[in-house]
Amino acid sequence: MMFLLNDEAKVEVKADWKTLTDATSTKVGYTTSTPVNQRLSVFFDSITAFSKKQYELNAKGNEIKQSADPAKDSLLALISTEMKRVGAEYNTYLINIARTDKSPVISLYALGYWSSNNKPEEIEKEFNTLLTRFPEHKGVKQGYDDFKRQYAAYQQQKEIDKNKPGIGKLAPDITMPDVNGKSFSLSSLKGKYVLVDFWASWCGPCRAENPNVVAVYNKFKDRNFTILGVSLDQDKDKWKKAIADDRLTWTHISDLKYWESAAVPLYGFEGIPYNVLVDPNGTIIATGLRGAELEAKLQEVIK
Numbered sequence: 002m003m004f005l006l007n008d009e010a011k012v013e014v015k016a017d018w019k020t021l022t023d024a025t026s027t028k029v030g031y032t033t034s035t036p037v038n039q040r041l042s043v044f045f046d047s048i049t050a051f052s053k054k055q056y057e058l059n060a061k062g063n064e065i066k067q068s069a070d071p072a073k074d075s076l077l078a079l080i081s082t083e084m085k086r087v088g089a090e091y092n093t094y095l096i097n098i099a100r101t102d103k104s105p106v107i108s109l110y111a112l113g114y115w116s117s118n119n120k121p122e123e124i125e126k127e128f129n130t131l132l133t134r135f136p137e138h139k140g141v142k143q144g145y146d147d148f149k150r151q152y153a154a155y156q157q158q159k160e161i162d163k164n165k166p167g168i169g170k171l172a173p174d175i176t177m178p179d180v181n182g183k184s185f186s187l188s189s190l191k192g193k194y195v196l197v198d199f200w201a202s203w204c205g206p207c208r209a210e211n212p213n214v215v216a217v218y219n220k221f222k223d224r225n226f227t228i229l230g231v232s233l234d235q236d237k238d239k240w241k242k243a244i245a246d247d248r249l250t251w252t253h254i255s256d257l258k259y260w261e262s263a264a265v266p267l268y269g270f271e272g273i274p275y276n277v278l279v280d281p282n283g284t285i286i287a288t289g290l291r292g293a294e295l296e297a298k299l300q301e302v303i304k
């Protein structure tokens, strides 16, 4: 691929192909009649050079790791230091181009490369600087709008992660109708070890995991342990049929709202099957237990 900026009415290009030492990459060497495209060529040549340095250092590090050299640790420390130095040099090069190049497109390219190694808050600051320099450029505006959308999603996910119940936190209470339409709350099981199991009749992996969950329930149900099934079903009949077919004899609740279920934002999970193990005090002590891990964890905590 060859990048050119159409900054003049006529752009002359002379090109020849050459292969880099890394056989997976090929680049085209070219000259153009415009200063902007000449700077763009230099920019991408520099990116290639930095990438090559990082590739070679990484390959050297992997080679040392596999060796029996008694000085291996010292050599790896030197490689690590050099990789950090090259990374910092690369970062500085990119941000200097983004801040000073006269072309908004080259500046935007540089900022794009720089963004992959920096925090969203810092990226937003640099985008604001770029907008101040090129307030009327459509590409810069579009780039900033795209970033803002991504940043908003990042902030939203950050907030979700911050509030997401995890190990050591109290399990949020859930109150929903059971299969008979009667309201039931997780908090009513306080004093027991409870596996809160999020599943659905339409979820293939959930149904495949159910025999394991049944086996664990039968083994530990007389040892102050129970399960609360929380379904993301929409169809009550299908939900009840799956419970019967899979012989899930513990309490089940659902608001029958699919992924709009109140349980989803409350526990912050993005896929099912998912579960949390709650101790008698209502504190989460494990999450996402499946297969042999589930039985092993229960064996560990239930004496």
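If you count by the working numbering, then the sequence shown holds residues 2 to 304, one letter each, in order. Just so it is clear, CB atoms sit at the ideal spot from N, CA and C, and this is done for glycine as well. Here the structure is a predicted model, which is why all the values come from computation and not from measurement.
Exposure label - residue i; buried when at least 16 CB within 10 Å
i    : result
I161 : exposed
E127 : buried
G30  : For G30, the predicted model reports a pLDDT of 48, less than 50, meaning its position is unreliable; a value from the coordinates is still stated below. It is exposed - the Cβ of G30 has fewer than 16 other Cβ atoms within 10 Å.
A153 : exposed
N219 : exposed
N129 : exposed
W260 : exposed
A78  : exposed
K304 : exposed
P173 : buried
G205 : exposed
A201 : buried
S188 : exposed
D234 : buried
V302 : exposed
Closest by C-alpha distance to residue i, when choosing among the options
i    : options                : result
N59  : G88, T35, A72, L109    : G88
T49  : Y91, G62, P71          : Y91
N38  : V106, S188, A72, T93   : V106
S116 : G144, W251, K241       : G144
E125 : E137, T101, Y155       : Y155
G289 : I303, D280, F270       : F270
K258 : P178, V302, W251, D223 : P178
L229 : V180, K85, K159        : V180
W251 : T227, P36, D46         : T227
For residue i, the first and last residue of its enclosing alpha helix (DSSP H)
i    : result
G62  : 36-67
T176 : Element bounds for T176: not the alpha helix (DSSP H) but the beta strand (DSSP E), 176-178.
F221 : 205-221
N225 : That residue, N225, is in no alpha helix (DSSP H); it is neither H nor E in DSSP.
D280 : Here D280 belongs to no alpha helix (DSSP H), and DSSP marks it neither H nor E.
I96  : 73-101
K298 : 293-302
DSSP state of residue i mapped onto helix, strand, coil
i    : result
A318 : Limits of the chain in this structure are 2 at one end and 304 at the other, which puts residue 318 out of reach.
F148 : helix
N129 : helix
A287 : strand
V14  : Because V14 sits at a pLDDT of 46, beneath the cut-off of 50, its placement in the model cannot be relied upon, and the following sentence gives the value as read from the coordinates. Residue state, collapsed to three classes: strand.
T250 : coil
L171 : strand
K28  : For K28, the predicted structure reports a pLDDT of 47, less than 50, and the residue's modelled location is therefore unreliable. The matter cannot be settled from this model.
S116 : helix
L196 : strand
S202 : coil
S189 : helix
T22  : Residue placement at T22 is poorly supported in this model, since its pLDDT is 41, which falls under 50; the coordinates still yield a value, given next. T22: coil per DSSP, three-state reduction.
G269 : coil
M3   : Here the model assigns M3 a pLDDT of 41, short of 50, so the residue's position is not dependable and the matter cannot be decided.
S232 : strand
Whether residue i touches residue j by CB criterion (9 Å)
i    : j    : result
N282 : L196 : no
I254 : I175 : yes
I285 : L171 : yes
N225 : K191 : no
A99  : L131 : yes
N211 : L249 : yes
F185 : S232 : no
A264 : R208 : no
S104 : R40  : yes
S81  : G62  : yes
F221 : L299 : yes
Opening and closing residue of the beta strand (DSSP E) in which residue i lies
i    : result
S186 : 184-186
Beta carbon proximity, residue i to chain D, threshold 9 Å
i   : result
K53 : The structure shown contains no chain D; it holds only a single protein chain.
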